[in-house]
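Input: a single structure, listed below in structure tokens.
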Amino acid sequence: MLLRNGGCKMVPIPECEVALAFETPLEPEKLFPLFESKQLTYVDAIMPIRDWITNYKTDMSDIEEALMKVAEKGKSLKIEVKRIDTDVELSAKTIEVQLGKRLESEGFVADLKNPQLRILVALIWNNAIIAADMPRVYNTDIDKFRFFNPIAKESVSRAEFKLIEALGFFGVDAKSIKRCIDLGAAPGGWSAIMMKAGAKVIAIDNAPLEYEKLSTLGKVEITEPNASPPDSWDLLHIKANVRDVDVARLDNLGPIDAILVDMNIEPEKSAEVVDRFSPLLRGGGVLIFTVKLVDEKVESRLSAAKEMLSRDFEGFRVKKLQHNRLELTMFATKKRG
Ligand SMILES: C[S@@+](CC[C@H](N)C(=O)[O-])C[C@H]1O[C@@H](n2cnc3c(N)ncnc32)[C@H](O)[C@@H]1O
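Every number in my numbering is 46 more than the matching position in the sequence shown, counting from 1.
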């Protein structure tokens, strides 16, 4: 396929919908506008392809030989392997170690923290695509890309990508959620996603939401923490610190199918808040919970949060989503009965 506005040829990768390869003389930065019309939500990397091996050998010797040509003796390097769609049974980590060891034995220098050259080996079906660039390009891609993404243009906040990804990853059909609570909702990206899916949203945050944009999606009402809520609303913003909200007073707003939590506070504190709001959630209702990595104590904070929630919740799953920055996303469902 020839893209009209850039002298840029897209090279199909057989049986693969998640990677695009282009033949183009353009610099990576000039490629971003070309994606304007594509509904992509995530770009992991835009890097020049240095080699493309079809039907690579499973012992990886082809890939090792290709890496030897791409790597430079004077530059420290980091190899990253991505298994996108492949029958190879080895994990990406195992392949990275194997390739790294081979290159080190040939005198190449690895630096996993600040490499001068980042080499990506993407295993896609029976192709091995080898791309390499300075890490700089990779690190700035996502935000630049979002700027050109049509979803981002209409969105209330960048956090929307995170919720869309979480719903997909944990297999939650947003349309099945009729009513939800969004804790730490401002400026309102997650609330917007849920409104678009047809849910009524109780958004709680002491910061204001993007009322103008949200009003295009339904009737927005703003209320004080313990005032009686108006009769009709699609988005009810309780403008308050979650701690000041009397949960029992929300009971008459109807059964809640999901609690969404994206507060930028310590995970145990978020868990305490969820524990308080949990009686409003129906059995089988879902919890999507951003676990902020506020320090190095990830494991202990995560288990403390889970322990606090395990009285009411089950089926915990935790994932570092593509759209998570210094955070993880946790999923659980409310116990029935
Ligand atoms: C990362 S932002 C949420 C972004 C939001 N999910 C979106 O899609 O636009 C975190 C929010 O948590 C809110 N927050 C943190 N602690 C809170 C608390 N104790 N009570 C209410 N809101 C809180 C902050 O005011 C902030 O707006």
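Every residue gets a Cβ at the ideal spot worked out from N, C-alpha and C, and that includes glycine.
Would you kindly report the start and end of the unbroken beta strand (DSSP E) that includes residue i?
| i | result |
| --- | --- |
| T379 | 373-380 |
| L123 | 123-131 |
| R322 | Taken as a continuous stretch (DSSP letters only), R322 belongs to no beta strand (DSSP E), being part of the alpha helix (DSSP H) at 313-323. |
| E360 | 359-365 |
| D108 | Not the beta strand (DSSP E): D108 falls in the alpha helix (DSSP H), residues 107-116. |
In angstroms with no decimal places, state the Cα-to-Cα distance between residue i and residue j.
| i | j | result |
| --- | --- | --- |
| D187 | K365 | Interpretation of D187 is limited by its pLDDT of 44, a score under 50 that renders its predicted location unreliable; no figure is taken from the coordinates. |
| R225 | A168 | 41 Å |
| N51 | E126 | Confidence at N51 is low in this model, with a pLDDT of 39, below 50, so the placement of that residue is unreliable and no value is reported for it. |
| E258 | N101 | 54 Å |
| D303 | K128 | 36 Å |
| E270 | N160 | 49 Å |
| D277 | P301 | 16 Å |
| S316 | W98 | 47 Å |
| G361 | I176 | 38 Å |
| N310 | E211 | 19 Å |
| L213 | I250 | 20 Å |
| Y184 | N252 | Confidence at Y184 is low in this model, with a pLDDT of 39, below 50, so the placement of that residue is unreliable and no value is reported for it. |
| V134 | V143 | 15 Å |
| L163 | K121 | 7 Å |
| K242 | L263 | 7 Å |
| K139 | L145 | 10 Å |
| K208 | R295 | 30 Å |
| D189 | A112 | Per-residue confidence for D189 stands at a pLDDT of 48, beneath the threshold of 50, marking its modelled position as unreliable; the derived number appears in the next sentence. Using only the alpha carbons, I get a separation of about 31 Å. |
| A174 | I109 | 7 Å |
| V155 | I170 | 27 Å |
| K84 | D308 | Low local confidence applies: a pLDDT of 49 at K84 is under 50, so the model's placement there is unreliable, with the coordinate-based value given in what follows. If I take the Cα positions, the gap works out to 28 Å. |
Here's the rule: buried if 16 or more other CB atoms are within 10 angstroms of the residue's CB, otherwise exposed. What is residue i?
| i | result |
| --- | --- |
| P94 | exposed |
| R347 | buried |
| S107 | exposed |
| R382 | exposed |
| K343 | exposed |
| G153 | exposed |
| R182 | Any answer about R182 is weak, because its pLDDT of 47 lies below 50 and its placement is not dependable; what the coordinates show is given next. It counts as exposed. |
| G331 | buried |
| A273 | exposed |
| E206 | buried |
Measure from the alpha carbon of residue i to the alpha carbon of each residue in the options, then state which is nearest.
| i | options | result |
| --- | --- | --- |
| V218 | R363, E373, L372 | R363 |
| D131 | N172, M376, S222, E258 | N172 |
| S151 | T375, K119, F377 | K119 |
| K221 | L209, I109, M240, E211 | M240 |
| S349 | D228, K381, P313 | P313 |
| W279 | K265, A112, N272 | K265 |
| P325 | I223, V293, R347, A351 | V293 |
| A245 | L306, S274, R295, V288 | L306 |
| S203 | S237, L123, L296, R96 | S237 |
| I227 | L166, E200, V291, D179 | V291 |
| E256 | S201, R371, E345, N298 | S201 |
| R328 | K208, A112, K380, L260 | K380 |
| H369 | L299, N287, F215, V288 | F215 |
| K147 | S137, K124, L166 | K124 |
| D297 | N287, R289, D308, P275 | P275 |
| A178 | I170, I223, K115, L136 | K115 |
| I223 | I248, A117, L166 | I248 |
What are the start and end residues of the alpha helix (DSSP H) that includes residue i?
| i | result |
| --- | --- |
| I141 | 138-151 |
| I334 | Not the alpha helix (DSSP H): I334 falls in the beta strand (DSSP E), residues 327-338. |
| R295 | Looking at the DSSP string, R295 is not in any alpha helix (DSSP H), and its letter there is neither H nor E. |
| E267 | Segment 266-269 is the beta strand (DSSP E) holding E267; no alpha helix (DSSP H) there. |
| R347 | 344-355 |
| A304 | Looking at the DSSP string, A304 is not in any alpha helix (DSSP H); the run it does join, the beta strand (DSSP E), is 302-307. |
Are there any heavy atoms of ligand 3 lying less than 6 Å away from the beta-carbon of residue i, as far as the coordinates show?
| i | result |
| --- | --- |
| I284 | In the structure on display, ligand 3 does not appear, and the ligands it does have are ligand 1. |
key: Stretch pair the region 278-288 + the region 229-241: three plus CB contacts closer than 8 Å   = The region 278-288 is in contact with the region 229-241.
query = How about the region 321-341 and the region 368-381: do they share at least three Cβ pairs that are nearer than 8 Å?
reply = Yes, since at least three Cβ pairs between the region 321-341 and the region 368-381 fall closer than 8 Å, the two stretches touch.
query = Any contact of the region 318-325 with the region 343-360, i.e. 3+ C-beta pairs under 8 Å?
reply = The region 318-325, when compared against the region 343-360, does touch it at the 8 Å Cβ threshold.
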